[in-house]
Amino acid sequence: ISINQIEETNRLFISPVMLSVVVEHIFLLVLVTLISVLQNAFFATKVEREGKEHHANTSAFERVSCANRNCMDSYPTFLAVLWCAGLCLNQAPAAFSGLIYLVARQKYFVGYMGQTSQSTPGYVFGKRVLSFLFLMCIVGIFNLLLVRYFGNDFKDTVETITTAASALLLIP
Amino acid sequence: ISINQIEETNRLFISPVMLSVVVEHIFLLVLVTLISVLQNAFFATKVEREGKEHHANTSAFERVSCANRNCMDSYPTFLAVLWCAGLCLNQAPAAFSGLIYLVARQKYFVGYMGQTSQSTPGYVFGKRVLSFLFLMCIVGIFNLLLVRYFGNDFKDTVETITTAASALLLIP
Amino acid sequence: ISINQIEETNRLFISPVMLSVVVEHIFLLVLVTLISVLQNAFFATKVEREGKEHHANTSAFERVSCANRNCMDSYPTFLAVLWCAGLCLNQAPAAFSGLIYLVARQKYFVGYMGQTSQSTPGYVFGKRVLSFLFLMCIVGIFNLLLVRYFGNDFKDTVETITTAASALLLIP
Chain A
54 ISINQIEETN
64 RLFISPVMLS
74 VVVEHIFLLV
84 LVTLISVLQN
94 AFFATKVERE
104 GKEHHANTSA
114 FERVSCANRN
124 CMDSYPTFLA
134 VLWCAGLCLN
144 QAPAAFSGLI
154 YLVARQKYFV
164 GYMGQTSQST
174 PGYVFGKRVL
184 SFLFLMCIVG
194 IFNLLLVRYF
204 GNDFKDTVET
214 ITTAASALLL
224 IP
Chain B
54 ISINQIEETN
64 RLFISPVMLS
74 VVVEHIFLLV
84 LVTLISVLQN
94 AFFATKVERE
104 GKEHHANTSA
114 FERVSCANRN
124 CMDSYPTFLA
134 VLWCAGLCLN
144 QAPAAFSGLI
154 YLVARQKYFV
164 GYMGQTSQST
174 PGYVFGKRVL
184 SFLFLMCIVG
194 IFNLLLVRYF
204 GNDFKDTVET
214 ITTAASALLL
224 IP
Chain C
54 ISINQIEETN
64 RLFISPVMLS
74 VVVEHIFLLV
84 LVTLISVLQN
94 AFFATKVERE
104 GKEHHANTSA
114 FERVSCANRN
124 CMDSYPTFLA
134 VLWCAGLCLN
144 QAPAAFSGLI
154 YLVARQKYFV
164 GYMGQTSQST
174 PGYVFGKRVL
184 SFLFLMCIVG
194 IFNLLLVRYF
204 GNDFKDTVET
214 ITTAASALLL
224 IP
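Protein chains in written order, with the working numbering: chain A, 54 to 225; chain B, 54 to 225; chain C, 54 to 225.
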């Protein structure tokens, strides 16, 4: 059997194996993304209904529209850090943190709608979860550089630590 | 030939083969993304021109700005479901649905601009296409779990069905 | 050694090798994404502080809020072309162009805040960088089609040219 034959078999067998491996390594991220899409749909429906019922001029419509806009403004940032953290390190803690972010977002949206117009919550929310996902990315890339230039693979250790640390996000 | 040698050849040959396989499995998605980027640029140019000509206070500017903002609000959601559906199941029906969404978005934008200020279209559009892409993701993940725990691969059947179903989106 | 055994070893060795290969091919893109996330956080903090200090009604708050919103509107588009260009062709020039876009965005944001209310910069910024990334995607896909149907691989040549061309973006 020659190198060429191995390359041939590689070409033949890599494609399906590879794709299933890829999907297995991202399916939790996909699930969290789908839940976030459902939440976006819920927010959009609220805005749509409020706008139709109250002719888009009331304070209630303004509040729900503003809450939705603030959530949408930070949505691409959330997706970016979620997927980077999941790809660079490990999908499980990333997906778990993503879920916590979605809960925080739901609370923010509901809180914003229920507020009287005097005091509204700030523009930023979910800072802690986003910082944690951000740190996961940094650690993942740092680990990759270590592996490449020093040959030490701390990935297993780091993954265990991040999985444990992600549970700390539950503390309010 | 030993296991080690195979691993070595794997390391050598995997990289280029893998990347071309990856690009082949996403290039339709990339194409649809590029078309959507062109459309975004078209929207942004409209807003820019309207703002410069009419000093940002007229009702025409407000309408085009609002239409653009509504389109941009749902853009990350669209990209997320498009790519998840394409990766989890099959890129061809996902890209086709994506194209239909872009047509719906164009209609929405043009319709919004042409409206008199009394009646504007709602906040949400393209619900049917986004739901279809959402369903594709669910089916893709469900299929993966089936394969893993029962060993049945319905992927080919499912792909055929979704490809056929995506044609149904054309019915207005 | 039989084909089956090779497939088995493939399944065993592909997963870790593949993931490290994937991460190696995207880590510059991840880095640029992380820097852009930091910048988003900086923008959001500015908006948050201005809103708290000045009770959300002053012209300064309106300006910073509008600048932030314009930046956020084009953020998903930027991420999409950055990652498509990086995946389809080469991550190094894509990440370099991404950095230049982030510098242009910072300048735009600071310029928007410092403006008097008479003249504000337009809605669109960073057109040149986004067009360059867009072109990179087109070239990458075109190259893939060439490879598939004609067997000529211009990827190396094209990568050298784009890397050189990305330096031209520095010219103001």
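No residue lacks a Cβ here, since even glycine has one placed at the ideal position from N, Cα and C.
As the structure is a computational prediction, the values presented were derived from the model and not from experiment.
Specify, as a first and last residue, the run of the alpha helix (DSSP H) that residue i falls within.
i	result
ILE153 of chain A	144-167
THR111 of chain B	Per DSSP, THR111 of chain B belongs to no alpha helix (DSSP H) and is neither H nor E.
VAL200 of chain A	180-203
LEU223 of chain B	No alpha helix (DSSP H) contains LEU223 of chain B, which DSSP labels as neither H nor E.
Of the choices the options, whose alpha-carbon is the least far from that of residue i?
i	options	result
LEU84 of chain A	B:GLN92, B:GLU103, B:TYR128 and B:CYS141	B:CYS141
PHE207 of chain C	C:VAL76, C:VAL192 and C:GLN92	C:VAL192
PHE187 of chain A	C:GLU77, C:VAL76, C:SER89 and C:VAL74	C:SER89
VAL76 of chain C	B:GLU77, B:LEU72 and B:HIS78	B:LEU72
LEU87 of chain A	A:GLY151, A:SER127 and A:PHE114	A:GLY151
THR210 of chain A	A:ASN196, A:PHE185, A:LEU221 and A:GLY167	A:ASN196
PHE178 of chain C	C:VAL200, C:TYR128 and C:ILE194	C:TYR128
ALA217 of chain C	C:ILE194, C:TYR202, C:ASN143 and C:VAL200	C:ASN143
MET181 of chain A	A:LEU199, A:LEU222 and A:THR130	Checking the sequence shown, residue 181 of chain A turns out to be Arg, not Met. Nearest of A:LEU199, A:LEU222 and A:THR130 to ARG181 of chain A, Cα basis: A:LEU222.
ALA220 of chain B	B:ARG122, B:PHE114, B:PRO174 and B:ALA147	B:ALA147
ARG122 of chain C	C:SER184, C:LEU183, C:TYR165 and C:PHE149	C:TYR165
GLU212 of chain B	B:TYR202, B:MET189, B:LEU198 and B:LEU199	B:MET189
TYR154 of chain C	C:GLY167, C:CYS124 and C:GLY175	C:CYS124
LEU81 of chain A	B:GLY167, B:ILE214, B:THR215 and B:LEU198	B:LEU198
PHE162 of chain B	B:ILE214, B:ILE224 and B:ARG116	B:ARG116
ILE79 of chain B	C:ILE194, C:GLN92 and C:SER112	C:ILE194
PHE185 of chain A	A:PHE114, A:ALA138 and A:CYS119	A:ALA138
ALA120 of chain B	B:PHE203, B:TYR176, B:ILE214 and B:LEU183	B:TYR176
THR215 of chain B	B:ILE224, B:ALA145 and B:LEU91	B:ALA145
ALA113 of chain B	B:PHE203, B:GLY167 and B:ARG201	B:GLY167
SER118 of chain C	C:THR111, C:THR130, C:VAL100 and C:LEU183	C:VAL100
GLN92 of chain B	C:VAL74, C:ILE224 and C:THR130	C:THR130
LEU226 of chain C	C:PHE203, C:PHE149 and C:VAL200	Nothing can be reported for residue 226 of chain C: it is not among the residues displayed for chain C, which extend from 54 to 225.
Establish whether the CB of residue i and some CB of chain F are separated by less than 9 angstroms.
i	result
PHE187 of chain A	Here the protein chains are A, B and C, and chain F is not one of them.
Less than 8 angstroms separating the Cβ of residue i from some heavy atom of the ligand FMN?
i	result
VAL156 of chain A	In terms of ligand content, the structure shown is empty, and the ligand FMN therefore cannot be addressed.
Along the stretch 120-132 of chain C, what residues have a CB closer than 9 angstroms to any CB found in chain B? ARG122, MET125, ASP126, SER127, TYR128, PRO129, THR130 and LEU132
Mind the definition here: the stretch 147-159 of chain C touches the stretch 87-107 of chain C only if three or more C-beta pairs lie below 8 angstroms; say whether that holds. yes
Would you list, in chain order, the members of the stretch 139-166 of chain B that have their beta-carbon closer than 9 angstroms to a beta-carbon of chain A? LEU140 and CYS141
With three or more C-beta pairs closer than 8 angstroms as the rule, is the stretch 100-120 of chain A touching the stretch 129-137 of chain B? no
Can you pull out the residues from the stretch 195-212 of chain A whose beta carbon lies closer than 9 angstroms to at least one beta carbon of chain C? LEU197, LEU198, VAL200 and ARG201
Contact set between the stretch 84-99 of chain B and chain C, restricted to residues whose Cβ is under 9 angstroms from the partner: LEU84, THR86, LEU87, SER89, VAL90, LEU91, ASN93, ALA94, ALA97 and THR98
Could you please tell me which residues of the stretch 69-80 of chain B, in chain order, have their CB closer than 8 angstroms to any CB of chain C? MET71, LEU72, SER73, VAL75, VAL76, GLU77, ILE79 and PHE80
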